[in-house]
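Report on one structure; see the data block that follows.
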Amino acid sequence: MRKQILLALLFTMILSIAITQISSTIVSGESDGKSDQQTIKQWDGKFGVAEDKVWTITFNTKMDGASFTNDNVYVINKETGKKHPITYQLKDDGKALTVTPKEPYAFHQTYTLYIGSTVKSAEEMVMSKAIEMSFFISKPYVVADMSYQPINSFDSLREARANVNPDNQVVMKDGKVRWMKSGIVRTNRFTNIYDSELLTSNSTYVAGQSEMEYVGSTERAIAIRVAGRAGFVSPDDVSLIPTKLIGGNQSFYKNINGDLYHYVFANGEFGVYKYGKSPATINEGETVYSWDGKTFKGKTYSFLNQYNLREKSFATAEQIDAYIKAQKPDSPLIGLGNVFVEMQEKYNINALYLMAHAIHESAWGLSKIAKDKNNLYGIKATDSNPYGNADVFNSFEDSVRYAAQFISSTYLTEGNFRYNGTYLGNKASGMNVKYASDPFWGQKIAGQMYRAEMWMKTNNVIDK
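Here the sequence shown stands for residues -18 to -1, 1 to 446, where the numbers follow mature numbering (1 follows the signal peptide of the UniProt record, and there is no 0).
See below:
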C-alpha cells in the first residue's frame, strides 16, 4: 500500500479521504466500485440513510479551508437533478469536513454526495480523482430488484420479507443483500461459523472466499449449511449472491476420464484438483454440483476423505519414495518414506495419509515454510500470519514425528476437543472441522492419497 495515497471512504457514519499529489492513484479497501469516467471515482451506494444524515469527511492531512466551495462540495437529488441545500464546515483541526442538510432529505429519494478533486491540503496537494457516492433515504431494510435498485423500505426484516417478490427481489441493509430466496453465501474473509444466531459459540470456521449454502436470514445472522452442517454467520463477514446472479461463478465437479475433478471458484477464478474416482452416475464430461462432496445427483458415495486413518496403508517406505520421485523429482520429501511408515507403526496413523498431508501442506516440501522452518504440516501456521506463527523444526524427520504424535493424540483420539472423527472429512465432521479453514482441505488431501494409490497400482508398485 503506497504511503502517498490512501483514499478510504468509510460509508457508515464517517467518510475518510486521503490527499495526494495530482499524479498519484486513489486506492481504497472499502469498495470495488468502478468509475465510468477517468476523473471520477464511483463508490458503492448506501441504503437506509436517515433524512437528517450528517456526513463527516476525514482527511489524512490538514486541509486548506478556502479550497472548499459550492462547486466542489455538494449533494444532488438524482431524481430531480437539483442540488440539495447543505452547509459544510471544516473542523478546527483542519482534517474533518462535515456536510449537513439545511432541510431533510426526501424519503425514498436517491442523492449523490460529491467531493471535487480541486480541494487542497495546506501543502497544496490535491486528490487525483473526484469522489461520488450515492445514498438512498429510507428505513433500514430495503426491498430492491435484482439490479439492487431500491423499491421500498421497512423498519424490520420481517416487514420487508412480507412485502418482497421472492422471485425477482431481495432485501438489503447497509448496501448488502440480507435476504434472498436462494443462492450462495460467500465469505469475505476468515469467518467463524456459530451454533446459534446469537453468534456466541463457534463450532468451526472457514477461509475467505468459501462458498456456503444459503438457508435463511434473521435480524442478527445469516443461516447457512457448510458441507451439510447447519450454522450461522455474521452478515458482516459474508456476501449473499442470489441464484439468478451466480452465473458460472460457482464451484463444481466434473468427470474427466473416469476421475472426479473439483473446480473451486474463488477470487474470480477457478482452481482444480483431482478428488477421486467418479461415481458411475456422472457421465464423462458432465458437470455436477455438491454441497458436501459426497452427495451427487441424489446419491451418496464414499471417498478417501471418509477413510479411517487408523487403518494401516499397505505401501512400503520404498513405494512411497518411488511415488514422490516419479511425481516430483526435485522434492526434498524423497527419502522420508521410512519415517512415514515408522510413525504408522508407532502411532497407528496411516502412512499414505502422512505423506499426502505433507505434500498438500508443504507443496511437496518446496514451500517457504517448509524450506525455512522444516514445517511440513502447517503446524501453528494460522490464517492471520501463516509464516510468522508457523512452528520451527530441526528437520523434516522431526516435523513428521511431531505431526504424527500430535495428530494421533488429538484429532484422532476420541474425547479430545479437536476430535470429530478418525478421518479427514470436511467442515461437517472429521479433522477438517478444526484443522484447517479451507473447507476442502480434507478433500484435497484425499485427492493426494487417491493419486498415489492409482499410480502405485498402475505401476505395479502395490497389488491391484
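We put the beta carbon where it would ideally sit given N, CA and C, even for glycine.
Treat the numbers as computed from the prediction; the structure is a model and nothing was measured.
Could you give the C-beta distance for residue i and residue j, rounded to a whole number, given that I count them as a contact under 8 Å?
i	j	result
residue 355	residue 372	5 Å
residue 294	residue 326	6 Å
residue 162	residue 196	7 Å
residue 378	residue 314	7 Å
residue 349	residue 172	Contact flag wrong, Cβ pair sits at about 20 Å.
residue 209	residue 340	Between residue 340 and residue 209 the Cβ distance is about 24 Å, and since that is not below 8 Å, they are no contact.
residue 99	residue 43	With a Cβ gap of about 15 Å, residue 99 and residue 43 do not count as contacting.
Can you give me the C-alpha to C-alpha distance between residue i and residue j, rounded to a whole angstrom?
i	j	result
residue 391	residue 247	34 Å
residue 427	residue 126	42 Å
residue 254	residue 423	13 Å
residue 211	residue 48	59 Å
residue 115	residue 87	15 Å
residue 18	residue 55	Caution applies to residue 18, whose pLDDT of 44 falls short of 50 and renders its modelled position unreliable; the value that the coordinates give is listed next. Going by the C-alpha atoms only, they are around 20 Å apart.
residue 291	residue 404	6 Å
residue 213	residue 380	38 Å
residue 412	residue 167	23 Å
residue 202	residue 321	50 Å
residue 111	residue 40	16 Å
residue 262	residue 238	12 Å
residue 184	residue 91	40 Å
residue 311	residue 345	13 Å
residue 13	residue 281	Summary for residue 13: the model assigns pLDDT 33, below 50, so the residue's position carries little reliability; its value from the coordinates is reported in the next sentence. For residue 13 and residue 281, the distance between alpha carbons rounds to 42 Å.
residue 375	residue 385	11 Å
residue 16	residue 260	Confidence at residue 16 is low in this model, with a pLDDT of 39, below 50, so its placement is unreliable and the value that follows should be read with caution. Their backbone Cα atoms lie some 42 Å apart in a straight line.
residue 25	residue 68	21 Å
residue 243	residue 436	15 Å
residue 223	residue 232	10 Å
residue 351	residue 358	8 Å
residue 441	residue 434	11 Å
residue 148	residue 45	48 Å
residue -17	residue 77	Because the pLDDT at residue -17 is just 31, under 50, the model does not fix this residue reliably, and the value given afterwards should be weighed accordingly. Those two C-alpha atoms are separated by around 20 Å.
residue 289	residue 407	8 Å
residue 155	residue 439	56 Å
residue 316	residue 382	13 Å
residue 204	residue 393	29 Å
residue 101	residue 51	8 Å
residue 206	residue 53	48 Å
residue 9	residue 421	In this predicted model, residue 9 has a pLDDT of only 25, less than 50, meaning its place in the structure is not dependable; the value taken from the coordinates is given anyway. Distance between the alpha carbons of residue 9 and residue 421: 31 Å.
residue 84	residue 38	15 Å
residue 265	residue 335	29 Å
residue 220	residue 328	43 Å
residue 230	residue 70	46 Å
residue 306	residue 27	53 Å
residue 180	residue 188	18 Å
Bridge partners for residue i per DSSP, in chain order?
i	result
residue 364	BP columns for residue 364 are empty, so no partner.
residue 176	184, 214
residue 31	119
residue 143	BP columns for residue 143 are empty, so no partner.
residue 407	According to DSSP, residue 407 bridges with nothing at all.
residue 245	234, 254
residue 82	69
residue 152	126
residue 110	DSSP lists no partner for residue 110.
residue 205	198, 214
residue 165	224
residue 371	Residue 371 is not bridged to any residue.
residue 24	114
Please tell me whether residue i and residue j are closer than 7 Å, where the distance is taken between their beta carbons.
i	j	result
residue 97	residue 119	no
residue 80	residue 31	no
residue 165	residue 82	no
residue 447	residue 153	Since the first and last residues shown for the chain are -18 and 446, residue 447 lies out of range.
residue 431	residue 308	no
residue 287	residue 425	yes
residue 29	residue 157	yes
residue 169	residue 138	no
residue 93	residue 57	yes
residue 285	residue 258	yes
residue 271	residue 234	yes
residue 429	residue 256	yes
residue 449	residue 186	Outside the modelled stretch of the chain, which goes from -18 to 446, sits residue 449, for which no answer is possible.
residue 319	residue 343	no
residue 236	residue 269	yes
Are the C-beta of residue i and some C-beta of chain B separated by less than 7 Å?
i	result
residue 385	Absent from the structure is chain B; it holds one protein chain and no more.
Original post:
Using 8 Å as the Cβ pair cut-off and three pairs as the minimum, do the region 274 to 282 and the region 297 to 311 touch?
Top reply: When C-beta atoms of the region 274 to 282 are compared with those of the region 297 to 311, fewer than three pairs fall below 8 Å, so the two segments do not count as touching.
Original post:
Given 8 Å as the limit, is there contact between the region 171 to 182 and the region 213 to 228, that is, 3 or more CB pairs closer than that?
Top reply: Touching, per the Cβ criterion.
Original post:
For the 8 Å Cβ check, are there 3 or more pairs between the region 98 to 106 and the region 129 to 137?
Top reply: no
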